[in-house]
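Q: Residue numbers (the UniProt record's numbering): 1 to 160.
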């Protein structure tokens, strides 16, 4: 069955940078599950998966615009050090989590003082061409509830 909108897709992946170095993988973990066609996945990855079938393995190299976006050099912000999560002592280059109106966001420390820090709010992989090695594990029609909620339920998906 070819993957199309309103299907729950489960897949494994390995993410590589421009030099082929592994940046991220879910190897040894449960497959990722998402509801296809509902903006739950990076557009480039979803486009690459569209029309594939369970059992297929493939690689796709995607531009920044269809994954984590282009780098915006004007994305520096000053935040209170007390809002940085992930360490007790901060140094330039470290990554931290901050809470925003849109949920948690990963930032990179540029400069840190006693009370305030300057952070880069670009995603750490923004502006990079990335290669995804993908294995489609399973695909099934979404339930009415999953379509109504706009996301996959169950293992690898959203847990209510």
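Glycine is no exception: its CB is placed at the ideal position from the N, C-alpha and C atoms.
In terms of alpha-carbon separation, which member of 43, 90, 82 and 113 lies closest to residue 99?
A: Locating residue 99 in the chain shown gives position 99, where the first residue counts as 1. Cα-wise, what sits closest to residue 99 is 82.
Q: What does a CB cutoff of less than 7 Å around residue 5 pick up in its chain, not counting 5 residues either side in sequence?
A: Looking up residue 5 in the chain shown gives position 5. Contacts found: 36 and 37.
Q: Assign residue 146 to one of three DSSP states: helix, strand, or coil.
A: By 1-based counting over the chain shown, the position of residue 146 is 146. DSSP places residue 146 in helix when its eight states are reduced to three.
Q: Buried or exposed: where does residue 67 fall if 16 or more other Cβ atoms within 10 Å of its Cβ makes it buried?
A: Within the chain shown, residue 67 is the residue found at index 67, counting from 1. Buried is the call here.
Q: Does the structure place the segment 14 to 29 close enough to the segment 130 to 147 that three or more beta carbon pairs sit under 8 Å?
A: Yes, the segment 130 to 147 is in contact with the segment 14 to 29.
Q: Does DSSP classify residue 57 as helix, strand or coil?
A: Position 57 of the chain shown, counted from the start, is the residue given in the question as residue 57. Of the three classes helix, strand and coil, the one that applies to residue 57 here is strand, per DSSP.
Q: Tell me whether residue 151, by its Cβ, gets closer than 7 Å to a heavy atom of the ligand NAP.
A: Ligands displayed in this structure: none; no statement on the ligand NAP is therefore possible.
Q: Per the DSSP calculation, residue 34 is bridged to which residue(s)?
A: Looking up residue 34 in the chain shown gives position 34. Residue 34 is bridged to 9.
Q: Could you check how far apart the C-beta atoms of residue 106 and residue 95 are, in whole angstroms? I think they sit under 8 Å.
A: As a working mapping, residue 106 is identified with position 106 in the chain shown. As a working mapping, residue 95 is identified with position 95 in the chain shown. About 6 Å separates the two Cβ atoms, so the contact holds.
Q: Taking the alpha-carbon positions, what's the residue 44 to residue 84 distance?
A: Translated into the one-based positions of the chain shown, residue 44 becomes position 44. Translated into the one-based positions of the chain shown, residue 84 becomes position 84. Taking the straight line from one Cα to the other gives about 31 Å.
Q: For residue 86 and residue 1, I'd like the C-alpha separation in whole angstroms.
A: In the chain shown, counting from the first residue as 1, residue 86 sits at position 86. In the chain shown, counting from the first residue as 1, residue 1 sits at position 1. Straight-line Cα distance between these residues: approximately 43 Å.
Q: Can you find the residues in the same chain that come closer than 7 Å, C-beta to C-beta, to residue 63, ignoring five residues on each side of it along the sequence?
A: Along the chain shown, read from residue 1 onward, the residue named residue 63 stands at position 63. Correct list, in chain order: 129.
Q: Enumerate in chain order the residues of its own chain whose CB-to-CB distance from residue 52 is below 6 Å, with the five nearest sequence positions on each side excluded.
A: Here the question's residue 52 lines up with position 52 in the chain shown. Around residue 52: 3 and 136.
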